[in-house]
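So the sequence shown is numbered by UniProt numbering: it starts at 1 and just counts up by one. First comes the structure, then the notes that go with it.
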Amino acid sequence: MAADGKFLIDKESPIPLYYQVKQFLVSKIKAKEYSPGDAIPTESELCEMFGVSRPTVRQALSELVNDGHLVRMKGKGTFVAYPKIDARFFKNLQSFNKEMREKGMEPSTRVICIEMRTDETAAQILGLPAASPLIYLERLRYADDMPMVYLETYLPYERFSALYEVDFSVNSLYESLDRLYGLPIYKVRRNFEAVLPTTKEAGLLGIKKTQPICFVTTIATTDQNEDVEYSLARYRGDMNKFSIELYREP
1 MAADGKFLID KESPIPLYYQ VKQFLVSKIK AKEYSPGDAI PTESELCEMF
51 GVSRPTVRQA LSELVNDGHL VRMKGKGTFV AYPKIDARFF KNLQSFNKEM
101 REKGMEPSTR VICIEMRTDE TAAQILGLPA ASPLIYLERL RYADDMPMVY
151 LETYLPYERF SALYEVDFSV NSLYESLDRL YGLPIYKVRR NFEAVLPTTK
201 EAGLLGIKKT QPICFVTTIA TTDQNEDVEY SLARYRGDMN KFSIELYREP
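As structure tokens, then:
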């Protein structure tokens with residue numbers, strides 16, 4: 001640090017100023033001086049700290065976001081990124097809460113909406129007439145207060161009307177199906193693709209509309225071969241990664 005309180009930047013060096021700022025912040029992150037979830041100084045504060053222009057700071061921050069070191073949250077600031085969570089739902093059936101706790105993170109759920117509605121696509125997937133009433137459950141799931149996945153779920157209302165009274169901010173859907181109806185989920189079929197979020201999805205997940213997400217659809221089936229749940233999930237691309245194990249056929 002220089003005598004005037006600014007961090008040393010060599011303006012005579014052939015190394016670009018933005019890169020020097022970037023490397024300084026990377027060193028702080030690696031040294032755990034900035035820990036995952038910590039807010040970093042604002043752009044104006046960084047300009048003052050290094051004695052450089054705002055475009056220089058913005059370029060450094062943009063590269064750190066692109067490299068996965070930082071995440072931006074609308075209206076809140078820029079934070080040190082958590083290591084990407086290796087979601088295991090392509091390997092086994094496990095609740096979100098249990099998986100996050102096993103990774104040392106505290107899960108929570110915000111129920112945005114639960115209501116009865118019709119949806120022709122969901123009804124068809126669940127093998128029901130197009131106008132059948134469905135339970136529509138809309139949730140936002142967090143890990144350590146960071147939004148991780150936005151989830152919409154459809155279930156047959158007449159078949160599972162008791163679920164309408166469950167508090168899904170603290171209860172697992174699959175555990176509730178097992179507890180109330182004796183119906184453990186036996187298998188699921190999942191498809192995923194990389195997409196850009198809608199304005200609503202980006203707002204809920206705290207990301208930009210230009211930031212890709214992983215869109216996952218799920219159809220859950222009981223051991224009686226009954227399709228009972230259809231869900232659409234949007235996972236933050238900067239906070240999640242997915243592993244799949246493949247085996248050679250005998």
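Backbone N, C-alpha and C fix where the C-beta goes; we use that ideal spot for every residue, glycine too.
Who does Asp227 pair with in a DSSP beta bridge?
According to DSSP, Asp227 bridges with Thr221.
Okay, do the region 189-202 and the region 224-244 touch, 3+ Cβ pairs below 8 Å being the bar?
Touching, yes.
For Arg117, I'd like the list of residues in its chain whose CB is within less than 7 Å of its CB, leaving aside the five on either flank, ordered along the chain.
Contacts found: Leu134, Tyr136.
According to DSSP, simplified to helix, strand and coil, what is Ala203?
Rather than Ala, the amino acid found at residue 203 in this sequence is Gly. If DSSP states are grouped into helix, strand and coil, Gly203 belongs with the helices.
Helix, strand or coil for Glu158 per DSSP?
In the structure shown, Glu158 sits in coil (DSSP, three-state: anything other than H, G, I, E or B).
How many angstroms separate the CA atom of Ile9 from the CA atom of Pro107?
One C-alpha to the other measures close to 41 Å.
For Arg79 and Ile40, I'd like the C-alpha separation in whole angstroms.
At residue 79 the sequence reads Phe, which differs from the Arg that was named. Distance between the alpha carbons of Phe79 and Ile40: 6 Å.
Run the proximity test for Asn240: is its beta-carbon closer than 7 Å to any non-hydrogen atom belonging to the ligand SAM?
Of ligands this structure carries none, so the ligand SAM is not represented either.
Please classify Lys22 as buried or exposed, where buried requires at least 16 other C-beta atoms within 10 Å of its C-beta.
It counts as buried.
Taking Cys113 as the reference, give the member of Glu138, Ala220, Leu180 with the closest Cα.
Measuring from the Cα of Cys113, the nearest candidate turns out to be Glu138.
Tell me where the alpha helix (DSSP H) around Phe50 begins and ends.
Per DSSP, Phe50 belongs to the alpha helix (DSSP H) from 43-50.
Could you please give me the residues that DSSP links to Glu152 through a beta bridge?
According to DSSP, Glu152 bridges with Glu138, Leu232.
Quick check on the burial criterion: 16 or more other C-beta atoms within 10 angstroms. Buried or exposed for Val57?
Label assigned to Val57: buried.
With DSSP collapsed to three states, give me the class of Val65.
DSSP places Val65 in helix when its eight states are reduced to three.
What's the gap between the Cα of Thr218 and the Cα of Leu232?
Computed Cα separation, rounded: 7 Å.
What is the DSSP secondary structure of Phe96, counted as helix, strand or coil?
Correct three-state label for Phe96: helix.
Roughly how many angstroms lie between the CA atoms of Ala3 and Tyr18, to the nearest whole one?
The pLDDT assigned to Ala3 is 36, lower than 50, so where the model puts this residue is not dependable; a value taken from the coordinates is nonetheless given after this. Those two C-alpha atoms are separated by around 22 Å.
Determine the direct distance from the alpha carbon of Thr42 to that of Ile15, and round the result to whole angstroms.
Each residue's alpha carbon lies about 23 Å from the other.
What does DSSP give as the partner residue(s) for Lys187 in the beta ladder?
Partner(s): Thr221.
What does the alpha-carbon distance come out to for the pair Pro129 and Lys208?
Whole-angstrom Cα-Cα distance: 38 Å.
Give me the DSSP bridge partner(s) of Ile213.
Answer by DSSP bridge pairing, in chain order: Val195, Arg236.
Taking the C-alpha atoms as reference points, what is the distance between Leu204 and Val71?
Rounded to the nearest angstrom, the two C-alpha atoms are 15 Å apart.
In or out: residue 261 buried (at least 16 other Cβ within 10 Å) or exposed?
It is not possible to answer for residue 261, since the shown part of the chain is limited to 1 through 250.
Buried or exposed, going by whether 16 or more other CB atoms sit within 10 Å of the CB of Val170?
By the 10 Å Cβ count, Val170 comes out exposed.
In the DSSP assignment, find the alpha helix (DSSP H) that holds Leu17 and state where it starts and stops.
Note, Leu17: alpha helix (DSSP H), 17-30.
Just to confirm the assignment, what range does the beta strand (DSSP E) spanning Ser108 have?
Where Ser108 is concerned, the enclosing beta strand (DSSP E) stretches over 107-117.
Does DSSP classify Asp10 as helix, strand or coil?
Looking at Asp10 - three-state DSSP - the assignment turns out to be coil, as it is neither helix nor strand.
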